[in-house]
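Have a look at the structure below before the remarks.
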Amino acid sequence: MEEVKLEVKEEVKEKEEEAQGGDTAAPDPAATDTLAPAEAPAPAETPAAADTTLAAPQPGANVQPHDTPGFDESQAPDTKTDLTGLFTEKPQSGEVAVGENINFVAKVNAASLLKKPTIKWFKGKWMDLASKSGKNLQLKELYDRNSKVYTFEMQIIAAKPSFAGAYRCEVSSRDKFDSCNFDLTVHEARAVEGFDIRAAFRRTSVDGSEEAGELDFSALLKKRDSFLKGSPGHRASKSQVKNEPDEDVWEILQKAPASEYEKIAFQYGITDLRGMLKRLKKMKKEEKKSEAFLKKLDPAYQVEKGHKMKLCIEVANEDVDVKWLKNGQEIQSTGSKYIFESVGNKRYLTINHCSLSDDATYTCVVGDEKCTTELFVKEPPVTITSHLEDQMVMKGERVELECEVSEEGATVKWEKDGVELTRDESFKYRFKKDGRKHVLIINEATKEDCGHYTVKTNGGESMAELMVSGKCLRQTTQQIEIHLCSTMLNMIASIRGSNHLQSIKHVQFKDRQKPYSRMTKPMLPKTAEKKPATEEVPVDGAVKAPTEGEAKPEAANEPAPETPVEPAAPAAEPVPAEGAPAPAPPAEDGASSAEGDPPADRAPPAEPAPAPEPVPEPEPPRTPTSEPVGLCVDDISDTTVSLKWRTPEHLGSSELDGYGVEYCKEGSDEWVPAFEGLTERTSVIIRDLPTGEKMQFRVRAYNTAGPSAPTSLAQAVTIREIMQKPKIWIPRNLRQTLIKKVEETINLVIPFQGKPRPVITWSKDGEHLNPKQVSVRNSDTDTILFIRKSERKDSGKYEVKLQIENVEDTASISIQIVDLPGSPEKLKIMDVWGFNVALEWKPPKDNGNCEITGYMVQKADKKTMEWYTVYELYRRTNCVVADLIMGNEYIFRIYAVNMVGLSLEPCFSADSAYIQKTGFEYKPPTYKEHDFSEAPKFTHPLVSRSVIAGYNATLSCSVRGIPKPKVTWYKNKMDISNEAKYRMFSRQGVLTLEIRKPCSFDGGVYMCKAVNTSGEDAVECKLEIRPPGTFPQAQITKEERDKQMNKAD
């Protein structure tokens, strides 16, 4: 305690010197004016009084620097916007209690940015928090279109002590970059309500300066006493406190976490927190070095998914055993996932093909000591390789928005105008995954589906716009109006004259203020529906002007009653005889244009008008559509018929409302509607029809003008389902044996055809399936065999049978469920010589229901017991392990390998093999040499020949013998080896004699003789030379010649 007081006094002196040095400078009036009178501390205010005015920071909120007690605004960091930075508001350091929430906010003004800013949150120097988003961490992003400000939030939920530390926020946009650092402090527990411990460490002075005066802990001690008195059992423990031995507070602080320092200092009366932290820092540097480790693991490592990670330590003793643990479980050296290496005093653990399951805590244990690290597997961000495209579709059509991402099986999020889309009960939206392709399907698009659709991944997003329009008419409403107007004007001009045409055109198009919208229908008055008389010839022969009702269709198309113009009845028109009513005077523009016409242009009432020229009849204001086309039967059953057709070629003057379908029995005229109302589809299914009856069907198209002409089938349809022979279509991958591993899911989809719906029966090896293990689901077009977790007993031949009445079809599928093999048996050391050991073993009894592809042979020195692979995939059941070290003793183990992997347990050798150090002489076994010698023997003799003179001739034979015999050729028992006329060849035991251009003197008996040390052999033949153009005579043997001589005698 004396040391603490000395340190406190030294700090007081330092503060007094700083205060004296600061008094020499002139005070800043702006700084003094910033404090309100209520915030300035009173001169006589004690720490106990200040305790009631200052409140502890609320957990779960952002703590700003000016919220802390004793904060000097002159020392506050500059919070003004950096002209070169991107942040308009940076995240500030904060404090939070365990289990509470806290938000960190960063704002970026994007008004001057060409690209959307990208933000990253880090803990420490390298840990990217984007991959840690989940239950305790959430990242949000907001955008204000008015101010063009992006707001990025990082929310920490249910804070833990391990969340404390330094954080960093980075923002970038093309070539611009900015970052800021902030800290998070996590407290173990809240302070006592209404009590701020920092107020107890204030200095009290008469002039009100916080740096002057002496430290007064009286309020702190009173608070502690009152806190202890309020605790239950205080009185009973009061006498025990005196008898307890004094504890070393520095040992307690060394063992306690950093979040407990403030609580321990409060309990033991330590006031100089800064000096306490400095002393602790020096004490921790003097910690004892590890006796087992020369170099420990780093606190944490990070690796990309799919890459390799290598952990390394250095041990003091090279012969010590090392164990590696993953989340407290020892790592076994099976397969190629984990590789253990030992090089000198270094130990390596290599993790191949890191996946998300390898994100864990790894511990290296050496004796009683251990070191721990955390491995973070960073999953690469999923980017969008093929973006969405804008689409414009018609109402009721199917919409498919398709994109492609960089990784198969990735999770994406679909949004519409910023609202996330989910699967609802109406199945409006469907989400489809096909490898790396993701598709958003909208069935029957409507006007409400217009908007911007966005697909988001953790590495990017893509946006497209969808526009849904109504059904296009072949002629729009505006075109129909113009056509009607021009037709009427031509008719009137032919009757009245060209001057009236100019005034009517002026009135007709000047008052058109806005065109009809796409959904507006041309509404005509009821008078236009009646058949008007375009001409009326009076008794005197004059052509009568159009009546008021005839002009109303033109005026009825005007958008508003502001322009009550009736151009068809000008004011200056003379009234015909016989008391016909005069037409109404024109209004506004019509009147002005009528007054401007010269009187000479007007026809006298008594003079008959010339006959009008023939004018093409205008299209009626309301025209029905043409009949639908392509009506046909799509499908038929015992009670239903499916019909389909195409839209009419001409849609008439208004939008198509729908289609009506009717049917009747053959020979009857009573047509019955197939359903109530109209349908917008071009296909329909009519149900509940009488079986076996012949029915006729027809379809009409409807619009505002009424129904179109019907289109009917060419002939009546008999309501009876057409039988279709059952047929099973086995997929190509199931035509050979399907191999699956144990516990894998089996899902076989077998399509078929057949009507009516066939009866489907599954069996395995001639027996019915067990419904507890195998599930079968059938539909009209396929059958599914499903096994959730396959077992070895599920292997076999599965048969599926379809049956419709007496017709059936069958197919079979072979399934093989494979597993890891058993361990090999009876591993023996057969022989040891030199640096070699001969091993022999037997195959495992259980091969895992598949072929054993090989064996993995490993060796280990008895001193280190570290296993090294000798043969990774050895096919035989015996081998020789070479290159062993002299003087070491080895043991061996063998794994069986099949297509699934290594056997779970190896087979160990019962004995060990010791490699002798002393030299030795190898005495090879003696063998009796085999006598391979053989006398010559001709395997193919010479054949007598008759050849033509002047052409080369050859004689061939074959001989064998060991050793190789010497060959000599003879003619008439004379050696011809040195004769130039003859050439001798010997190839692989085949002997050939070539006679160059023989003549009559070359005929005779030829002999071939072979001689070696084991004996000799000879063959001979006769060669006859005949002149060209002659044929060979029949050869007479010696015996026949002797017989002939005897007969002659």
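All residue numbers for the sequence shown refer to our numbering, where the first residue is 84 and numbers rise by one. Glycine included, C-beta positions come from ideal geometry on N, C-alpha and C.
Using a Cβ-Cβ distance cut-off of 8 Å, the stretch 257-265 and the stretch 215-225 are not in contact, since fewer than three pairs of beta carbons, one from each stretch, lie closer than that value. Linking residue 845 to residue 831 through their CA atoms gives a straight-line distance of about 12 Å.
The beta carbon of residue 909 sits closer than 7 Å to the beta carbons of 924 and 925 from its chain, once the five residues preceding and following it are set aside; these are given in chain order.
Under the three-state reduction of DSSP output, residue 982 falls in the coil class, being neither helix nor strand.
Judged by DSSP in its simplified three-state form, residue 407 adopts strand.
Within the stretch 390-467, the complete beta strand (DSSP E) segments at least 3 residues long are 392-398, 406-409, 421-426, 429-434, 444-449 and 452-461, listed from N- to C-terminus. Under the Cβ criterion (8 Å, minimum of three pairs), the stretch 229-247 counts as touching the stretch 171-189. By the Cβ-count criterion, residue 728 is buried, with 16 or more other Cβ atoms from all chains shown falling within 10 Å of its own Cβ.
The residues 923, in chain order, have a CB closer than 6 Å to that of residue 911 in the same chain once the five nearest residues on each side in sequence are set aside. For residue 497, the enclosing beta strand (DSSP E) has its first and last residue at 496-499.
In the three-state DSSP reduction, residue 233 falls in the strand class (E or B). Between the beta-carbon of residue 546 and that of residue 540 there is about 13 Å, and that puts the pair past the 8 Å contact cut.
Bounds of the alpha helix (DSSP H) holding residue 332 are 332-338. According to DSSP, residue pairing for residue 523 in a beta bridge involves 484 and 514. A contact is defined here as three or more CB-CB pairs under 8 Å, and the stretch 972-980 meets this definition with respect to the stretch 936-943. Nearest to residue 1039 by alpha-carbon distance, out of 1032, 1023, 1050 and 1045, is 1023. Distance between residue 432 and residue 954, taken at the CA atoms: about 21 Å. By the Cβ neighbour-count rule, residue 902 is buried, with 16 or more other Cβ atoms within 10 Å of its own. A contact between stretches requires three or more CB pairs, one per stretch, nearer than 8 Å, and the stretch 339-354 fails this requirement with the stretch 411-424. As a beta-bridge residue in DSSP terms, residue 1099 pairs with 1094. With respect to residue 725, residue 768 sits close: the two C-beta atoms are nearer than 7 Å. Exclusion of the five residues before and after residue 214 leaves 461 and 462 as the residues of its chain whose Cβ lies within less than 7 Å of its Cβ. By a beta-carbon distance limit of 8 Å, residue 553 does not contact residue 499. Their separation comes to about 21 Å.
Restricting attention to 824, 813, 883 and 838, the CA atom closest to the CA of residue 847 is found in 883. In the three-state scheme derived from DSSP, where H, G and I count as helix and E and B as strand, residue 175 is classed as coil. In this structure, residue 993 lies away from residue 915, with their beta-carbon atoms at least 7 Å apart. Around the C-beta of residue 436, fewer than 16 other C-beta atoms lie within 10 Å, and the residue is accordingly described as exposed. Per DSSP, the unbroken alpha helix (DSSP H) holding residue 346 starts and ends at 344-351. Annotated three-state conformation of residue 246 is helix, per DSSP.
Rounded to whole angstroms, residue 1034 and residue 1079 show a C-alpha spacing of 7 Å. Close CB contacts of residue 796 within its chain, under the 8 Å cut and outside five residues either way in sequence, are with 714, 715, 716, 779, 780 and 781 (chain order).
Between residue 833 and residue 866, the C-beta spacing is below 7 Å. Non-local beta-carbon contacts of residue 1053 in its own chain, meaning distances under 6 Å to residues more than five positions away in sequence, involve 1090 in chain order. C-alpha of residue 181 to C-alpha of residue 535: approximately 42 Å in a straight line. A straight line joining the alpha-carbon of residue 404 with that of residue 198 spans about 57 Å.
Per DSSP, the beta bridge partners of residue 223 are 236.
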